[in-house]
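Note sheet for the following structure.
Number of protein chains: 2
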Amino acid sequence: MTFTLDDLAGSGPLPEHDARTRVLETAYRLFYRQGLRATGIDRIIAESGVAKMSFYRHFPSKQALIDAYLDLRHARWMAWLEGRLGKLSSPRDWLAALPGALDDWFRAPGFRGCAFINGHAEAGPDAPAMTVMHKRALAARIERACAEAGLPQPGEVAADLLLAIEGAIVRAQMEGADAAQQPLRRLFARTLSDAGGKQ
Amino acid sequence: MTFTLDDLAGSGPLPEHDARTRVLETAYRLFYRQGLRATGIDRIIAESGVAKMSFYRHFPSKQALIDAYLDLRHARWMAWLEGRLGKLSSPRDWLAALPGALDDWFRAPGFRGCAFINGHAEAGPDAPAMTVMHKRALAARIERACAEAGLPQPGEVAADLLLAIEGAIVRAQMEGADAAQQPLRRLFARTLSDAGGKQ
DNA sequence: CTTGAACAAGACAGGTCTGTCTGTCAACAT
DNA sequence: ATGTTGACAGACAGACCTGTCTTGTTCAAG
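Going down the list, the sequences are from chains X and R.
Quick note, our numbering runs 440 ahead of the 1-based positions in the first sequence.
Quick note, our numbering runs 440 ahead of the 1-based positions in the second sequence.
Structure below.
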């Protein structure tokens, strides 16, 4: 089972599912589209067609729903990335294909940046721990690919690539995918050729 | 007159100033520290020691205050950057000194990322125009330095550097200045040496 | 001295927010 | 048949939000 960009965008109410799933899917869509604070509990309850007490039976507070949303978002985003790049065999190709995969994401309808960057920016220093956990997981995944590709100092290379990715996400969010695509490709190419030449 | 990092952090109530200045300075501090939506009008009014009608006489709505805050933030941040790098003579030194200046900012007490990235993330697609205007002004300033330094294709180089800067801001905000410093320096060095070698 | 502008303090309205509570109903197991 | 469980519907409380309005004070210009 792989996840597609539609899963990242969030689907509709899905009335055949149980109450918890409907609430979580509605929150998944609204939290990403409008932000955490701008999305009220009442709207999530209304759009998911659920009673208020059913909501509070499954999620003790709004914060618990936000945490569940971030957990789900993390799982789906990482699964989408692996599915998008999974057919590639070598770690070197995996790294080279990263900018193209991200560009697909930037151009997907409903793209509004990274849910974890946005959530961290909104919640400030007491943001949910998942916001930084997601980035550490992505950094670890990239570092693994660098190590498997035989690049020297894979931690440093991964840190450089992650910083470029974060910048591309922000640029795509504020100015559109075209503003991020070529700079991201160039920074990737420079970093990888620099690391590859040193080994 | 130059601006320091203290100005970027925002000063206290300053009771000797007039009502509008006190409101704007308080908003400047609270909006950056807590976010736009999390900061209520009542708190700004209370902390600035101003009557509610005095506030609404100078700012017709909260949105107008947000716009004024972003305008002031833009002016101070750009002035701080020019003051921090102004003593450098050549455009090439100016570009080379950018990562160090940004690192100073990342390590300043109260640093919470870029007010314009955060504001854009919070407000979504209908964010105040100043959020993207600030980034375009910074891109134009960097491109000017690239052109004055004689680099070929200064627009592309500036786009690469700006993307790295955005990434460094986000990384510093989420993981601390140490996570951003070295990757930003390396990406700058690679990009500038790549551009310099081509001319 | 008078007049008017700016300001302080705070009540108030109308809306929204989270979270609690009371009913009612259908499905299902014992 | 009867009790249990989960869910729907919606009222309600208490807090907070933006924005308006009233009242009284200070101060400076005419």
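By construction, the Cβ of each residue, glycine as well, lies at the ideal position given by its N, Cα and C atoms.
How many angstroms separate the CA atom of residue i from the CA atom of residue j?
{"i": "R:L445", "j": "R:W517", "result": "9 angstroms"}
{"i": "X:V597", "j": "X:Q622", "result": "19 angstroms"}
{"i": "X:F628", "j": "R:R497", "result": "52 angstroms"}
{"i": "X:F464", "j": "R:D511", "result": "The amino acid occupying residue 464 of chain X in the given sequence is Leu; Phe does not appear at that position. Roughly 38 angstroms between the two C-alpha positions."}
{"i": "X:G636", "j": "R:L632", "result": "19 angstroms"}
{"i": "R:L591", "j": "R:D544", "result": "26 angstroms"}
{"i": "X:R473", "j": "X:L624", "result": "25 angstroms"}
{"i": "R:L470", "j": "R:I484", "result": "8 angstroms"}
{"i": "R:L601", "j": "R:A561", "result": "21 angstroms"}
{"i": "R:V610", "j": "R:M493", "result": "38 angstroms"}
{"i": "X:M570", "j": "X:A515", "result": "11 angstroms"}
{"i": "R:A617", "j": "X:H457", "result": "45 angstroms"}
{"i": "R:A580", "j": "R:C586", "result": "10 angstroms"}
{"i": "X:K575", "j": "R:K575", "result": "24 angstroms"}
{"i": "X:A504", "j": "X:R513", "result": "14 angstroms"}
{"i": "X:R524", "j": "R:G595", "result": "31 angstroms"}
{"i": "R:G528", "j": "R:L538", "result": "Per the sequence shown, residue 528 of chain R should be read as Leu rather than Gly. In a straight line, the C-alpha of R:L528 is about 11 angstroms away from that of R:L538."}
{"i": "X:F551", "j": "R:A563", "result": "14 angstroms"}
{"i": "X:G553", "j": "X:S530", "result": "28 angstroms"}
{"i": "R:R477", "j": "X:E522", "result": "35 angstroms"}
{"i": "R:R532", "j": "X:Y509", "result": "46 angstroms"}
{"i": "X:L578", "j": "R:D634", "result": "28 angstroms"}
{"i": "X:D555", "j": "R:Q593", "result": "Position check: residue 555 of chain X holds Ala in this sequence, whereas Asp was assumed. Going from the Cα of X:A555 to the Cα of R:Q593 covers about 34 angstroms."}
{"i": "X:E583", "j": "X:I605", "result": "14 angstroms"}
{"i": "R:A536", "j": "R:R626", "result": "11 angstroms"}
{"i": "X:G526", "j": "X:D447", "result": "17 angstroms"}
{"i": "X:L542", "j": "X:A612", "result": "10 angstroms"}
{"i": "X:F674", "j": "X:D482", "result": "The displayed coordinates of chain X run from 441 to 639. Any statement about residue 674 of chain X would go beyond what the structure contains."}
{"i": "R:F499", "j": "X:F499", "result": "40 angstroms"}
{"i": "R:A486", "j": "R:A599", "result": "43 angstroms"}
I think residue i touches residue j, with their Cβ atoms under 8 angstroms apart; what is that distance to the nearest whole Å?
{"i": "R:G540", "j": "X:L603", "result": "With 8 angstroms as the limit, R:G540 and X:L603 do not qualify as a contact, their Cβ atoms being about 16 angstroms apart."}
{"i": "X:A467", "j": "X:V490", "result": "Actually they are not in contact, since the Cβ atoms of X:A467 and X:V490 sit about 11 angstroms apart, beyond 8 angstroms."}
{"i": "X:W520", "j": "X:F443", "result": "4 angstroms"}
{"i": "X:D507", "j": "X:P565", "result": "The Cβ separation is near 17 angstroms, so there is no contact."}
{"i": "X:A449", "j": "X:P549", "result": "7 angstroms"}
{"i": "X:R462", "j": "X:S488", "result": "4 angstroms"}
{"i": "X:R630", "j": "R:R630", "result": "5 angstroms"}
{"i": "X:N558", "j": "X:G480", "result": "Actually they do not touch by this definition, with Cβ atoms about 17 angstroms apart."}
{"i": "R:V572", "j": "X:E615", "result": "7 angstroms"}
Specify the secondary structure class of residue i as computed by DSSP and reduced to three states.
{"i": "X:S494", "result": "helix"}
{"i": "X:G540", "result": "helix"}
{"i": "R:P531", "result": "helix"}
{"i": "R:T479", "result": "coil"}
{"i": "R:F443", "result": "coil"}
{"i": "X:L632", "result": "helix"}
{"i": "X:L591", "result": "coil"}
{"i": "X:S488", "result": "helix"}
{"i": "R:F551", "result": "coil"}
{"i": "X:P565", "result": "helix"}
{"i": "R:H457", "result": "coil"}
{"i": "X:P500", "result": "coil"}
{"i": "X:G637", "result": "helix"}
{"i": "R:R616", "result": "Inspection of the sequence shows that residue 616 of chain R is occupied by Gly rather than by Arg. Here R:G616 sits in coil by DSSP."}
{"i": "X:G559", "result": "helix"}
{"i": "R:G523", "result": "helix"}
{"i": "X:G450", "result": "coil"}
{"i": "X:Q621", "result": "helix"}
Confirm the yes/no value for this check: CB of residue i, any heavy atom of the ligand ZN, distance under 7 angstroms.
{"i": "R:E606", "result": "Annotation note on the ligand ZN: not contained in the displayed structure, which lists no ligands."}
Residues in the stretch 550-564 of chain X with C-beta within 9 angstroms of chain R's C-beta atoms, listed in sequence order?
Going along the stretch 550-564 of chain X in chain order, one finds R552, G553, C554, F556, I557, N558, G559, H560, A561, E562, A563 and G564 with a Cβ nearer than 9 angstroms to chain R.
Can you list, in chain order, the residues of the stretch 531-545 of chain X whose Cβ is nearer than 8 angstroms to any Cβ on chain R?
Here the close residues number zero.
Residues from the stretch 449-482 of chain R in contact with chain X, defined by Cβ distance under 7 angstroms:
Of all residues in the stretch 449-482 of chain R, Q474, G475, R477 and A478 have a Cβ within less than 7 angstroms of some Cβ in chain X.
Closer than 8 angstroms, Cβ to any Cβ of chain R: which residues of the stretch 618-638 of chain X, in chain order?
So the list reads A619, A620, Q622, P623, L624, R626, L627, R630, T631 and D634, given in the order they occur along the chain.
Which residues of the stretch 492-516 of chain R have a Cβ closer than 8 angstroms to any Cβ of chain X? Give them in chain order.
With the criterion set as a beta carbon lying under 8 angstroms from some beta carbon of chain X, the stretch 492-516 of chain R has no members that meet it.
Which residues, taken in chain order from the stretch 581-596 of chain X, show a beta carbon closer than 9 angstroms to some beta carbon of chain R?
Per Cβ criterion, the list reads E596.
According to a CB-to-CB cut-off of less than 9 angstroms, which residues of the stretch 605-618 of chain R neighbour chain X?
With the criterion set as a beta carbon lying under 9 angstroms from some beta carbon of chain X, the members of the stretch 605-618 of chain R are I605, E606, G607, A608, I609, V610, R611, Q613, M614 and E615, in sequence order.
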